[in-house]
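Read through the structure below, which is laid out as structure tokens, and then see the notes.
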Amino acid sequence: MNESKETRKRGKGGRPPKNDPAGNCVMVRFSDAQYAEFLTMYEQSGVRSKACFILARIFGETFRVIKTDSAALNFVMKLSALYGQIRSVGVNYNQVVKHLHTTFGEKKALAMLYKLEQETIELSKIGREVLQLCEQFKKDCLAE
């Protein structure tokens, strides 16, 4: 019973204070043309905030500029989706072949496998075309 009457010691709570808090503020006004140029430089820098970008520019800290090509990014995303679809076709292919052998007779299974083989040849031709397009894309867009 005596334990419940005693007060518990609690911590202060919250975030610990910084050693050197940044409390000084400087205001800058840009013209429309200057602000557009500033935003372009900020977006190219990839820095998380405009304040960090301005501090880095003023004090000469180095940062790298990351440029992403939206066409290349879109191409890679669609190519990844296509690769996933090709993998699912491969899984379905295996299931169909197994089902043909277990369900149908030997002659009917061989006839259906012949048709499946023709479609597979067509799919491999399309795959080669995709690879050629990838190589052409590498030469044209990524060589810059």
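No gaps in the numbering here: position 19 of the sequence shown is 88 in our numbering, and each next residue is one more. Cβ atoms here follow ideal geometry from the backbone N, Cα and C, with glycine treated the same way.
In the three-state reduction of the DSSP assignment, S193 falls in the helix class. Under the criterion of beta carbons closer than 8 Å, V199 and L151 qualify as touching, at roughly 7 Å. Nearest in C-alpha terms to N93, of all of L185, A120, Q201, is A120. Under the Cβ criterion (8 Å, minimum of three pairs), the stretch 108-124 does not count as touching the stretch 176-189.
Residue state for N143 is assigned as helix, using DSSP reduced to three classes. In the three-state scheme derived from DSSP, where H, G and I count as helix and E and B as strand, K81 is classed as coil. Excluding five sequence positions before and after E130, the CB atoms of its chain that fall closer than 8 Å to its own CB belong to L124, given in chain order. Collapsing the DSSP output to three states places T172 in a helix. Around the C-beta of F128, fewer than 16 other C-beta atoms lie within 10 Å, and the residue is accordingly described as exposed.
For the 9 Å CB-CB criterion, D138 and C210 form a contact.
Rounded to the nearest angstrom, the Cβ distance from A180 to H170 is 13 Å, too far for a contact under 8 Å.
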